[in-house]
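Residue numbers for the sequence shown follow our numbering, beginning at -12 and rising by one. The beta-carbon is built from N, C-alpha and C at its ideal position, and this holds for glycine as well. See below for the structure under consideration.
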Amino acid sequence: MEKKVLIVYAHQSAGSFSAAAKEAAVEVLKAKECSVEVSDLYAMKFKATATAEDITGKVKNSEHFRYAEETKLAWDEGRLSADITEEQRKLQEADLVIFQFPMYWFTVPAVLKGWFDRVLTLGFAYTKEKRYSNGIFKKTKALLSFTTGSQETMFSPTGINGDMNVTLWPLQNGILHYCGFQVLAPQIFWAPEDAAPEGRSAMLAAWNTRLQGLLDEKPLFFAPMDWFDCEKSFQLKPESVEKCVQEFGLTAGTHCGNHCRLITR
């Protein structure tokens, strides 16, 4: 059965390394008979700000506008703006989502953050009952593929930028895993601007190799909902504490140490 891949791409330059990584993904995955769709956010002039303009018709409470509640109601009634519903369609159909971007200020560019804010609406992407391991998108795989401006050593536990696992926690756990996605290990292109041409070629070659088996990769481990006391404090149950790495706690410990190691490539 044909697999569907969505690439959410956030870079302004067609001559960038991010563009080359995106094109490599399109080429390899199409060769593997996948259906590939690209959301080129800059080319689309995708609106980054989450506002009342995302809703057609009247809002429920204009004096105290609450985005999550209003877009939930608009989603229920089919009144979300066309650019949002089109991205939601793509997301619903995808077996794998690749987010391709340059890391800005230790996170994603504003236009991609806006995509998360506007597309992953309450009701469509998550509810109080359907989140984390019980999430709506638990059958869909997702991957962060990005370039850095810093060398790999700078993002180590003893490096000046701190552990990359901690940097990625808000994105991988707080957005992707929160919506239920099976989060694959990130594809990190370390400081390609500083690399020699042969170094950049080697990065793309490694990416091409990984793409061959990407759809069959096992996701990273996240502590499941039933490990927590979800009726009261949302803390780990006493019997679950020993299952997690103690030195770093859940934030980095989920992917570090002997319990489950995040592989950076």
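Residues that DSSP places opposite residue i in a beta bridge
i: D27; result: Y(-4)
i: K(-9); result: S22
i: I175; result: F133
i: F4; result: Looking at the DSSP assignment, F4 forms no beta bridge with any residue, so it has no partner.
i: Q169; result: K128
i: I162; result: For I162, which the question treats as bridged, DSSP gives no partner whatsoever.
Whether residue i touches residue j by CB criterion (7 Å)
i: V13; j: L198; result: no
i: A35; j: V98; result: yes
i: S26; j: V(-8); result: no
i: F88; j: F133; result: yes
i: A37; j: D82; result: no
i: P96; j: L131; result: no
i: W177; j: T135; result: yes
i: E24; j: K100; result: no
i: L223; j: F215; result: yes
Residue i Cβ short of 6 Å to the ligand GTP heavy atom set
i: Q87; result: Looking for the ligand GTP in the displayed structure turns up nothing, as the structure carries no ligands at all.
Residue i versus residue j - alpha carbon distance
i: P179; j: F4; result: 7 Å
i: I85; j: D213; result: 28 Å
i: L220; j: E10; result: Looking at the sequence shown, residue 220 is not Leu but Ser. Rounded to the nearest angstrom, the two C-alpha atoms are 45 Å apart.
i: W102; j: M151; result: 23 Å
i: D106; j: D63; result: Asp is not the amino acid found at residue 106; the sequence shown has Val there. So the alpha carbons of these two residues sit roughly 14 Å apart.
i: P211; j: E73; result: 31 Å
i: E(-11); j: S49; result: 45 Å
i: M190; j: R66; result: 43 Å
i: A7; j: V228; result: 43 Å
i: G186; j: T140; result: 16 Å
i: A183; j: S143; result: 22 Å
i: K254; j: Y113; result: The displayed coordinates of the chain run from -12 to 252. Any statement about residue 254 would go beyond what the structure contains.
i: D181; j: K45; result: 51 Å
i: F93; j: W156; result: 11 Å
i: M31; j: A(-3); result: 10 Å
i: L28; j: Q75; result: 14 Å
i: F52; j: E40; result: 12 Å
i: E20; j: Q(-1); result: 28 Å
i: R118; j: A55; result: 15 Å
i: E204; j: E116; result: 27 Å
i: N148; j: G200; result: 31 Å
i: A129; j: V153; result: 18 Å
i: P225; j: C217; result: 13 Å
i: F259; j: K125; result: Lying before the first or after the last residue shown, residue 259 is absent from the chain, which here runs from -12 to 252.
Beta-carbon separation (whole angstroms), residue i vs residue j, contact threshold 8 Å
i: L158; j: P206; result: 15 Å between Cβ atoms; not a contact.
i: G110; j: Y165; result: About 14 Å; that fails the 8 Å criterion.
i: I42; j: A61; result: 4 Å
i: T58; j: T108; result: 4 Å
Minimum Cβ-Cβ distance from residue i to chain C less than 7 Å
i: W62; result: Judged by its chain identifiers, the structure shown contains no chain C, having just a single protein chain.
| field | In chain order, each alpha helix (DSSP H) run of at least 4 residues that lies wholly inside the stretch 113 to 159 | value | 151 to 158
| request: Kindly provide the ranges of any alpha helix (DSSP H) runs that are 4 or more residues long and lie completely inside the stretch 63 to 98, ordered along the chain. | output: 69 to 80
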